[in-house]
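These notes are about the structure you will find just below.
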Amino acid sequence: MSPAARTRSDSWPVGPGGTGFRAWVTAGLALLGTVIRAVGTPNDSQVAFFEERVRPFLVTECRECHGPGRQRGGLRVDSREALLRGGDSGPAVLPGRASESRLFLAVSHAGPDLAMPKDRPRLAGAVLRDIARWIDEGAVFPAGSDPVPGSSEHPSGWAKVFESRRHWWSLRPPVDPTIPAPRDPDDAEDAVDRFVFARLEAEGLRASPPATPQVWLRRVHGVITGLPPEPAQLAAFGTDPSMEARARVVDGLLASPAFGERWARHWMDLVRFADSYGHEQDYPIPHAWRYRDYLIRAFNADVPYGRFVQEHLAGDLLPNPRRDPVSGHDESVLATGFWYLHQATHAPVDPLQDEADRIDNQIDVFSKTFLGLTVACARCHDHKFDAISTRDYYSLAAFLRSSRQDIASIDPDGSLESRLESLVQHHHVLSRSLRPAIRAALGHGSPKVAPYLEAAVGLVRAGIPTNAWSGRVAGAARDLKLDAGILERWTTEVRAASAIGSQHPLRPWLPPAAEGGAAAPAPTPALTRTPADRSTPDWTLRADDAGWMPSGQAFRPPPAGHGDQGTWRVGSLGLEHLATGLGHSGRWAGRLQGALRSPTFALTHDHLHLHLAGRGSRVRLVIARYGLREFNPLLFEATQLDVDTGGDLAWRSITSGLRRHRGRLAYLELLDDGDGFIALDRVVSSDNPSPPSPPAHPPGPADGGGTPRPVGLDQTVHAGLRSWADDAPGGPGLDLASGLWRRGLLDWGASGEPAAAEVARIRTMTTNLPAPIRALAMTDGSVEPARILVRGDPKTPGEPVPRRFLEALAGPGPMGIARGSGRLEWAQAVTSPTNPLLHRVIVNRVWAHLFGRGLVETVDNFGALGTPPSHPELLDHLAVGFARDGGSLKRLIRRLCLTRTFGQASEASDARAEAADPSNRLLHRQNLRRLEGEALRDALLATAGNLDRRRFGPAVPTHMTPFMGDRMWVRNANGPLDGDRRRSVYQETRRNFLSPLFVTFDLPIPESTVGRRNGSNVPAQALALMNDPFVRQQAIAWAHEVIAGDPGPVADPRERIGRLHRRALGRDPAPAETRAMLDLLAGTELEAGSSGSDAEAEVRRWTELCHAIFLTQEFTHVP
Amino acid sequence: MSPDPGTAPEAALPRWSRRRLLRDSALGFGALAFSALFPSQAAPGGWAPADGRPRGTHHRARARNVIFLYMDGGVSQVDTFDPKPRLSREDGKPFGLRMEPTQFEDNGATLGSPWAFRPRGRCGLPISELFPWIGSRADDLCVVRSMVSRFSEHNAANYFLHSGTGMSGRPSLGAWTTYGLGSENRDLPGYVVLDGGLIPSGGVDCFGSGFLPASHQASLFRNDLPALANILPLESRPDLQARKLRSVRALDRTALDRLGAHDPLEAAIRNAELAYRMQMAVPEATDISGESAATRRLYGLEASSEHTRAYGRQCLVARRLVERGVRFVELTCTRAHGNARWDAHGDLRNNHSANARAIDQPIAGLLADLEGRGLLGETVILWSGEFGRTPFAQGRDGRDHNPHGFSLWMAGGGVRGGMAYGSTDEYGYKAVENPVEIHDLHATLLHLLGLDHERLTHRFGGRDHRLTDVHGRVVHDLLA
């Protein structure tokens, strides 16, 4: 009996062996004896009973094979007539006679050929009773079509189905089982062995004898670090190692950095890791390698598994992010990058579908990886087999819809945060010292403004030839007692302000342009709506409205309670006063990086006008979460703007192409990825293609009266400065003063620039700021309304759903979400001790990596379509123990590697055991395993003495061959043949250009979770080992290395041969093997002597031998 | 037929009996491995590639092999095999039917075909003057004019045409074929794609094995020598490799003695054997230098257009592969019109002329050559794109994608030649009579090969999968 059947049996009144079946039916009939059997007009309660209890069963369990689509065995179950007619074997239903009806017999598993639903455990007893009752009552079946499964269409039906499925074995909490006692308990020191051996005994089998120490050593190296043992380790291990010696080996391997490299690669299969998005252009996934490095460090640090999972789901939100012990950077946030390792295409014709598909992939990866469940099956309909509803699916999608992709800006070493704090403090000091200093300067009549303007206008309009320019400026400064440097800057600004259409703050102060310098600015058209669309009024979003979300350091708002220090910043030339309400990334320092994202809004108009300033920064409109705009503008033409306005606010518009996105949800991203800055005042959504007027700049004061324009300039600037110093409301003068100060145009004379020392200090601090680490990550967005999409189609939104974890695991109630996306609460629910899957799934994965196959063979599917566990009690024992042990993967691996079960020989030596347990599910021996492509390549490099153990960093580009297609233009780098000799985990995973060697050896296509790789066995593998230039290259390198180890003529090559053999295979060669290798050497001797120097010939001879060893099955298989 | 999930197909044989067969053979296991290195020791009969053991057919097969002439980008049906006089009459006028959404939404007026049709062959099948050579083989052709697809975008439509699902990651038609029938040649892979230079939109995933064992994925051969990666030995002399492999065999034998007979080891050793032979067989099969001048002329290898010559080489290699027992050969297109394939969003006239010129003579040559060698009766030729093109213009001189009705043709084993099946409306826009789905095409092709599309299943992820999912019917009217 399978364990699955056993778990089902408790709702089954009698033993499942089959003999009790008829007895139960009889008993059931007796119970129903009083029920009226007459088949008359169906009454309402019969119809209700059918609709509620029976039809849902027929629809969800039978219809796929016996419905309108296909009719297995000629049977349909969607009408009474069809059931009465039946299929190839006769009528399915005999009304009034359940115990003779084939439908009932089939669902009751009455016989081996009469067991439905096919290949599934028997249904719960309650369901069978309902069916029996329905048939006995006359099989009432109202005409009409089946309802389509979907939670909104037959909610009561789903409740029933759900109830029957939620007791599935994997959904029940693991209980710590009693440890069995096999006959010979001395052999089984660890409880794991007792479980395995007791099971073998029960089948009349025995475990295999232990593997040789050499094989054991090679095996633990393979599973823990993925690298072959060094000959020295082999020698030290000896021929009869104690358990302590074995434990020391395992501890040493677990402590090796290579452990994390090996196990990170396993994990990368689960999260469909890749360095590029695939599809036509194969654009790079930015910073993907940071996630890979995170994994390596996390496995090496043995981060408790629950914590590791929480970091994946909500590492950006955890209250106490984990810091790297060496550098001090935030590790936790890096984990969230895994969400975005999906495939992506540029220019999706239907962005909503594209978005839904990406979220689907995220849910798929999440649920398979962490839960061993296929939740994505519930995208279009309630799960066909598991207790997962469409509602569940969209409840999970809601977390993702309330989150956004981020390129996080991470403090590299902790110093960025402290320096930033100190910068804020100094701004505070600056602010405090500015008021008295400005007041004092104003008392002395500083700063001078008007004389500079007059002089600059004069110079600009005099038509001075270029070669005489600096002399004339210096002369004018001398004559007028002005500062030459400041005057020079004034001339530059006057020129800029004179340009046609300029919005320069000096513009209103220029004298009339009779000479043609400054034409009157063209009036900006007043804001009007086009008559075509008045459905939605224009709207404005200000940067200080609620709901904007900063990420990184750049947009850090001033700390509360710091008074008005937030109104000045240190610009490149001088101080700058900030208008209130600006979102400004250079508030504290231009070097800071980060993003500011708007709340989500619907695109209601054809144009978005942004009032902003900035330099070397970007604004992006993100529509339907589409993330490839930075690579390709197609279909999203105007949604990204490079911002380079200088310091002044100006209008920029996103216009063309927005119409096609009308109604879609979007948000704005202000991106500061470098030393520049970006500042946003507000956003206006409108159907008017022109930005609103009046312009943000105030009208000049010299409009009437005919007085020369500079008159009043000094006073205006002084009044502005005074209003600030006196804490009075700042008029237009303050903006003007700020604009001039920022440009270095204010001459403070003898009083000196106020707070110049503090400004200089701040500048120095800014220059020394470390650059942040940028990494792919998730961040919170606005909470978006979430709805079921009927049949998965974004065009047919259905009922709303709350953000909630799976009902089968967390109950039906709503989750208490404090704020934000709710991912933190989600992460807590996933890692809750009451989640029965979390630990079962991970201990099973570890088991699978150590033994070649999981206790649950379908490591990614613990649902009804997965295979049931071969050792259910052992699985629970491990899961409970793992949780109790704090979720330490290293301790779990250590324990398992030291079991007798692990240490068994893998020889298929016992014919009786092979016959009884051909697929070795009972573990009567270890499994022989072939190295994965990555481990094979690592082994080639390591054996050849050629492996570069450098860790971390950007991926090594894949080496391109003529056989990888002709789309070389898609990529920009061709990697070296030997991959820089770095471990395989550091080799690039370009979706369009996967390493041929890895693919040949079953690298999974990075599409969704693959916990169990294919084990293909194809000639291309042999061809690669025979003729791949990389393999040949390593054979040559190895030959060189071997010869260099003991140069000079070798009288007897046997010693060398032994060394080669031990290095590659971890054991001494047998005499026959030595002979075979000597033969090969002798055979190549003749040829080798034919040309070139003796040294070259020697290398050629040994190359063939090294290559031959690579070609042996023992090299690619770990026994 | 439902082979054991996720295990090597040999598992379908009783394990011990097979092993006994190996052990009991006169020379033991070693004789089997690397038998090619010891030509004097013949392999026992019934040898099969590691993963290519024929599973047998469900019913009598009408054909043994498939050559799929994939017409990348979508050929215009109304300019090739589906004449529509009304289009010409209304050329330049507003289109007479409601237009479905198109890829580019740049729909223009009704666009008559620039090419004339005339009846060809004894059957009188009307064929466009684009294909004078293929027209001469009209009596071989079974034209389906009522094809429909479900996707109007290349990637999804290509995955659909190749694998029956509009997404990547599913086994392709060729993979299902070798999965069902195994390989007939012990020295060559069973499923080969001859790369003409244009990998279809959607990439090599179109030729994948999906969840089927990896040995069923296509081997992609370049249209050049060497055709395959790692096929050429790197040793300075051929005998060095043989000598080395013999040593390896000796070493493997001791490993087997020590480790016992593990299926994966045995399979790997057999694969090494196949690999060794492929080093000779693949270059031999793809090297056309020994073909006669007449044959070369037949395939257009002496034509003035380099694209005709390139496609002619592909067709000739296809014949050589089929001749040698390769089950499924697909040809991708050449760059006859830059990278545009048949995807004539503009400049229809030059696009289709150039593409037709490249394939016309080679395909006719292939049909004639197969017939002359007695291979046509056992080989199905399929000529199809992923969809057709709109009868109305895109812009002024192009045609957009049209999955609502298009044409393909089949020829060869079990196919009724000289006929047209189904029809589109008067404009050639939508299939109206006897529409044929891609699933139906797949079901029919498998049927010709002796496979029942409902019974050719593979259990994966807990359920049985088929090429045709829950769809598909054999179109018996197309069968001879």
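Heads up: the sequence lines are chains A and B, in that order.
Throughout the first sequence, residue numbering follows our numbering, covering 191 to 1309 in sequence.
Throughout the second sequence, residue numbering follows our numbering, covering 718 to 1197 in sequence.
Note that the Cβ used here is the ideal one computed from N, Cα and C, for glycine as well.
Closer than 7 Å by beta-carbon distance: list the chain B residues that pair up with residue i, in chain order.
{"i": "glutamine 1303 of chain A", "result": "Asp969, Ala972, Leu982, Ala985 and Ile986"}
{"i": "isoleucine 1195 of chain A", "result": "Gly886"}
{"i": "aspartate 1269 of chain A", "result": "Ser964"}
By DSSP, does residue i sit in helix, in strand, or in coil?
{"i": "asparagine 551 of chain A", "result": "helix"}
{"i": "serine 1206 of chain A", "result": "coil"}
{"i": "glycine 791 of chain B", "result": "coil"}
{"i": "glycine 347 of chain A", "result": "helix"}
{"i": "glutamate 434 of chain A", "result": "helix"}
{"i": "aspartate 937 of chain A", "result": "strand"}
{"i": "alanine 1359 of chain A", "result": "An answer regarding residue 1359 of chain A cannot be provided, because it is not within the stretch 191 to 1309 covered by chain A."}
{"i": "arginine 805 of chain A", "result": "strand"}
{"i": "histidine 767 of chain A", "result": "strand"}
Identify the contact partners of residue i in chain B, using a Cβ-Cβ distance below 9 Å as the criterion.
{"i": "glutamine 1211 of chain A", "result": "Ala985, Asn988, Ala989 and Ala992"}
Going by other Cβ atoms of all chains shown within 10 Å of its Cβ, with 16 needed for buried, is residue i buried or exposed?
{"i": "threonine 720 of chain A", "result": "Any reading at threonine 720 of chain A needs caution, since the residue's pLDDT is 40, under 50, leaving its predicted position unreliable; the model's value is listed next. It is exposed - the Cβ of threonine 720 of chain A has fewer than 16 other Cβ atoms within 10 Å."}
{"i": "methionine 816 of chain B", "result": "exposed"}
{"i": "glutamate 1304 of chain A", "result": "buried"}
{"i": "alanine 1298 of chain A", "result": "buried"}
{"i": "arginine 1035 of chain A", "result": "buried"}
{"i": "glycine 1077 of chain A", "result": "buried"}
Considering only DSSP beta bridges, list what residue i is partnered with.
{"i": "glutamine 595 of chain A", "result": "A:Met968"}
{"i": "tryptophan 1126 of chain B", "result": "B:Val860 and B:Trp1100"}
{"i": "proline 474 of chain A", "result": "A:Ser466"}
{"i": "glutamine 1111 of chain B", "result": "B:Asn824 and B:Gly1115"}
{"i": "threonine 730 of chain A", "result": "A:Val874"}
{"i": "aspartate 912 of chain B", "result": "B:Arg939"}
{"i": "methionine 739 of chain A", "result": "A:Arg787"}
{"i": "isoleucine 963 of chain A", "result": "A:Ile600"}
How close, in whole Å, do the beta carbons of residue i and residue j come, if the pair is a contact with beta carbons under 8 Å?
{"i": "aspartate 492 of chain A", "j": "leucine 1088 of chain A", "result": "17 Å between Cβ atoms; not a contact."}
{"i": "histidine 456 of chain A", "j": "histidine 1039 of chain A", "result": "6 Å"}
{"i": "tyrosine 1144 of chain B", "j": "leucine 814 of chain B", "result": "6 Å"}
{"i": "aspartate 698 of chain B", "j": "histidine 1062 of chain B", "result": "This structure leaves residue 698 of chain B out entirely; chain B is present only between 718 and 1197."}
{"i": "glycine 919 of chain B", "j": "glycine 886 of chain B", "result": "Actually they do not touch by this definition, with Cβ atoms about 11 Å apart."}
{"i": "leucine 772 of chain A", "j": "alanine 733 of chain A", "result": "6 Å"}
Along chain A, in chain order, which residues have C-beta atoms closer than 8 Å to that of residue i?
{"i": "valine 1187 of chain B", "result": "Glu254, Gly259 and Arg260"}
{"i": "arginine 939 of chain B", "result": "Pro1152 and Phe1153"}
Which bits of chain A does residue i rub up against, with CB to CB less than 9 Å?
{"i": "isoleucine 948 of chain B", "result": "Leu1213 and Asn1217"}
{"i": "proline 843 of chain B", "result": "Per Cβ cutoff of 9 Å: no residues; proline 843 of chain B is ~35 Å from chain A at best."}
Strictly below 8 Å CB to CB, what residues from chain B border residue i?
{"i": "serine 880 of chain A", "result": "Those do not exist, as serine 880 of chain A stays about 28 Å from chain B at its closest Cβ, beyond 8 Å."}
{"i": "threonine 1151 of chain A", "result": "Ala946"}
{"i": "alanine 1262 of chain A", "result": "Ala967 and Thr971"}
{"i": "valine 539 of chain A", "result": "Gln820 and Glu870"}
Which residues in chain A have a C-beta closer than 7 Å to the C-beta of residue i? List them in chain order.
{"i": "glycine 977 of chain B", "result": "Glu1097, Ala1098 and Ser1099"}
{"i": "lysine 961 of chain B", "result": "Leu1270, Glu1294, His1297 and Ala1298"}
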